[in-house]
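Q: Protein chains in written order, with numbering that gives the first Met the number 0: chain A, 0 to 207; chain B, 0 to 207.
Just so you know, even glycine gets a beta-carbon here, dropped at the ideal spot from N, CA and C.
Nothing here was measured: the structure is a model prediction, and the numbers come from that model.
2 protein chains.
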Amino acid sequence: MGIVERKEREKTEMRDRIVEAATLMFLEDGYEKTSIRNIAEKIEYSPATIYLYFKDKDELFFAIHNIGFQLLLKETEKSHKIKNPLKRLHDIGVTYIEFALNNPEYYDLMFIMRSPMNALKEKHGDEQCWTYGEAVFGTLVSTIQECIDQKLIKSKDATIASMYTWSMVHGLVSLKIRERFKVMDLPEDQIRKMLLQSLDEVINNMKA
Amino acid sequence: MGIVERKEREKTEMRDRIVEAATLMFLEDGYEKTSIRNIAEKIEYSPATIYLYFKDKDELFFAIHNIGFQLLLKETEKSHKIKNPLKRLHDIGVTYIEFALNNPEYYDLMFIMRSPMNALKEKHGDEQCWTYGEAVFGTLVSTIQECIDQKLIKSKDATIASMYTWSMVHGLVSLKIRERFKVMDLPEDQIRKMLLQSLDEVINNMKA
DNA sequence: TTGCTTTACTAAACAGTGTTTAGTAAATTT
DNA sequence: AAATTTACTAAACACTGTTTAGTAAAGCAA
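#1: Looking only at DSSP bridge pairs, what is Lys206(A) linked to?
#2: Once DSSP output is grouped into helix, strand and coil, what is the label at Leu88(B)?
#3: Can you look up Thr33(B) in the DSSP assignment and give me helix, strand or coil?
#4: Looking at the unbroken alpha helix (DSSP H) that takes in Asn65(A), where does it start and where does it end?
#5: If Ser173(A) sits next to Ile111(A), beta carbons under 8 Å apart, how far is it from one beta carbon to the other, in whole angstroms?
#6: Could you tell me how far apart the beta carbons of Gly170(A) and His169(B) are, in whole angstroms, since I believe they sit closer than 8 Å?
#7: Identify, in the order they occur along the chain, each residue of the same chain with its Cβ nearer than 8 Å to the Cβ of Phe136(B), setting aside the five sequence neighbours on each side.
#8: Quick check on DSSP: helix, strand or coil for Gly1(B)?
#9: When the Cα atoms are used, what is the spatial distance from Leu198(A) to Ile42(A)?
#10: Per DSSP, what kind of secondary structure is Asn83(B) in: helix, strand or coil?
#11: Can you tell me where the alpha helix (DSSP H) with Asn117(A) in it begins and where it stops?
#12: Near Phe53(A), what residues of its chain come up, given a Cβ to Cβ distance below 6 Å and the 5 sequence neighbours on each side ignored?
#13: Name the chain A residues that come within less than 7 Å of Met24(B), Cβ to Cβ?
#14: For Leu93(A), return the contacting residues in chain B, with the cut-off set at a CB-CB distance below 7 Å.
#15: Report the neighbours of Leu174(A) on chain B: residues whose CB is nearer than 8 Å to its CB, in chain order.
#16: Let me know the secondary structure DSSP gives Trp165(B) once reduced to three states.
#17: Apart from the five residues just before and just after Ile63(A), which ones in its own chain have a Cβ nearer than 7 Å to its Cβ?
#18: If you measure from the beta carbon of Glu12(A) to each beta carbon in chain B, is any gap under 8 Å?
#19: With a cut-off of 8 Å, does the C-beta of Arg8(A) fall near any C-beta of chain B?
#20: The segment 190 to 201 of chain B: which residues have C-beta closer than 7 Å to a C-beta of chain A, in chain order?
#21: Hey, is the segment 175 to 192 of chain B in contact with the segment 186 to 202 of chain A, meaning 3+ C-beta pairs nearer than 8 Å?
#22: Does the Cβ of Glu27(B) have 16 or more other Cβ atoms within 10 Å, making it buried, or fewer, making it exposed?
#23: Could you tell me the alpha carbon to alpha carbon distance between Ile96(B) and Thr94(A), rounded to whole angstroms?
#24: If contact is defined by three or more beta carbon pairs under 8 Å, each pair taking one atom from either stretch, is the segment 130 to 150 of chain A in contact with the segment 64 to 84 of chain A?
#25: Exposed or buried, which one is Ala118(B) when buried takes at least 16 other CB atoms within 10 Å?
#26: Leaving aside the five residues before and after Lys32(A) along the sequence, list all residues of the same chain whose C-beta is less than 8 Å from its C-beta, in chain order.
#27: Please report the Cβ distance between Ile152(B) and Lys206(B), rounded to the nearest whole angstrom; I am assuming they are in contact, meaning their Cβ atoms lie under 8 Å.
#28: Checking contacts by CB at 8 Å: is Ser154(B) closer than that to chain A?
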């Protein structure tokens with residue numbers, strides 16, 4: 000019986016249509032304006048229908064959050080070809096900063112907003128939910144481990160070093176995205192330069 | 000005529016009562032649950048009254064945000080007595096991290112949430128609005144400048160170095176507050192230790 | 001003291017939000 | 001053909017920030 004398979008296909012198709020519409024609205028108008036009602040109107044269904052495919056708004060935004068991680072993972076994978084782990088580390092950093100600056104809405108959802116993390120709370124144990132995030136972080140840890148093995152950096156603990164390199168780039172872009180660099184009273188384009196300059200200097204400081 | 004003075008006093012008293020009630024609710028129940036209606040009920044006035052003292056919710060939360068900065072400034076001022084600028088830098092970092100971990104709601108409002116920044120947009124030019132933030136950041140910049148002058152760190156640019164040290168500690172605590180360190184799958188108390196350990200290592204890396 | 005004006009406040013409405021419930025019409029199975 | 005399951009929705013619930021129009025009291029001038 001192909002009916003049950005068609006139904007399944009239709010179910011995922013509908014889910015995807017919702018996520019697609021929500022993503023478009025989110026990227027264009029931001030989180031606040033992307034309401035369940037607006038999404039429903041866009042796909043020409045009633046708001047209640049969305050709740051047949053997603054538990055709540057957080058779960059829907061977790062789906063978008065996940066697509067963001069796929070995009071970031073694809074970007075960081077380009078660094079794989081770089082043999083020198085220190086140069087690769089730098090390249091991952093640049094990729095991360097540029098991803099954040101070019102996709103501020105995605106970045107916000109992935110690393111700043113509370114919404115997708117609320118969804119993650121209930122369904123821990125579910126495979127293929129946090130995997131993309133772990134993959135990106137794993138790339139960072141293994142690259143730093145290579146640096147340690149080759150005695151290229153001072154640090155001895157890859158976890159600690161990963162923690163603060165990630166924190167540093169996240170701090171840079173999140174302060175930018177949430178407009179906290181305004182205290183520094185600098186022009187937009189100079190901030191952008193200084194973010195990359197900061198990355199240079201920190202990695203340089205790490206060198207053995 | 001003392002009437003106009005009494006009226007002025009009553010006006011600021013009322014404003015303070017609103018901020019006080021809002022702060023208490025915010026710290027206990029979080030931003031989302033601190034609604035204009037709930038605050039109004041707590042102080043036994045109608046919701047519309049709050050709009051006679053604050054332009055909107057953002058402006059009210061900017062007032063709370065400002066109190067947070069006063070608290071942080073008071074904490075960081077304790078580091079002033081430390082003569083060695085590098086040790087002082089480290090102490091400021093520890094203070095910053097501990098402030099964030101002990102007052103996550105305040106920290107969130109001060110450095111992560113959009114709300115207070117929206118309020119800041121309209122009224123630029125207003126004195127005594129962003130001053131506390133500038134004071135805290137100024138302390139960091141001048142401490143780092145001292146480190147450069149005394150050739151204690153490799154960096155030559157105090158602005159850049161301030162940018163990435165701030166970003167690093169902000170990154171650490173904001174990833175913690177917004178629950179992104181869950182990818183690392185580590186127990187709560189160990190995360191806390193690693194935040195301070197990260198600070199140690201980064202400052203060590205900065206040494207000339 | 002009376003009359004006018006300003007001040008301080010509020011009830012009610014406006015326009016939205018996420019979410020749930022009860023009910024319907026069509027598709028599918030028996 | 002009847003029974004059941006599926007997919008969907010109208011309407012309601014309980015909220016949210018904010019505005020408008022109106023009221024009662026306080027302050028001031030004649």
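A: Put simply:
#1: Secondary-structure assignment with DSSP links Lys206(A) through a beta bridge to Ile152(A).
#2: Residue state, collapsed to three classes: helix.
#3: Taken through DSSP and simplified to helix, strand or coil, Thr33(B) comes out as coil.
#4: Segment Lys56 to Glu76, the alpha helix (DSSP H) holding Asn65(A).
#5: So it is a contact: roughly 6 Å between Cβ atoms.
#6: Their Cβ separation, rounded to whole angstroms, is 4 Å, which keeps Gly170(A) and His169(B) in contact under 8 Å.
#7: Excluding the 5 residues flanking it on each side, Phe136(B) has same chain C-beta neighbours closer than 8 Å at Ser161 and Trp165, in chain order.
#8: Residue state for Gly1(B) is assigned as coil, using DSSP reduced to three classes.
#9: About 43 Å.
#10: Correct three-state label for Asn83(B): coil.
#11: Counting along the chain, the alpha helix (DSSP H) containing Asn117(A) begins and ends at Ser114 to Glu121.
#12: Within the same chain, Phe53(A) has close Cβ partners Leu59.
#13: Identification of chain A residues near Met24(B) by a Cβ-Cβ cut-off of 7 Å yields none; the smallest Cβ-Cβ distance measures about 18 Å.
#14: Correcting the residue identity first, residue 93(A) is Val in this sequence and not Leu. Near Val93(A) there are no residues of chain B at all, since even the closest Cβ is about 15 Å away, more than 7 Å.
#15: Per Cβ cutoff of 8 Å: Phe110, Trp165, Ser166 and His169.
#16: Trp165(B) falls in the helix class under three-state DSSP.
#17: Same-chain partners within the cutoff: Val18, Ala21, Thr22, Phe25 and Leu108.
#18: No, its Cβ sits nowhere closer than 8 Å to a Cβ of chain B.
#19: Interface with chain B (8 Å Cβ-Cβ cutoff): Arg8(A) is excluded.
#20: Under the 7 Å Cβ criterion, the segment 190 to 201 of chain B contributes Met193, Gln196, Ser197, Glu200 and Val201.
#21: Taking 8 Å as the limit for Cβ pairs, the verdict is that the segment 186 to 202 of chain A does not touch the segment 175 to 192 of chain B.
#22: Glu27(B) sits exposed, since fewer than 16 C-beta atoms from the chains shown fall within 10 Å of its C-beta.
#23: Rounded to the nearest angstrom, the two C-alpha atoms are 27 Å apart.
#24: Inter-segment contact for the segment 64 to 84 of chain A and the segment 130 to 150 of chain A is present: three or more beta-carbon pairs are separated by less than 8 Å.
#25: Buried.
#26: Closer than 8 Å at the Cβ level, and outside the excluded window around Lys32(A), lie Met24.
#27: 6 Å between Cβ atoms; contact.
#28: It does; some Cβ of chain A falls within 8 Å.
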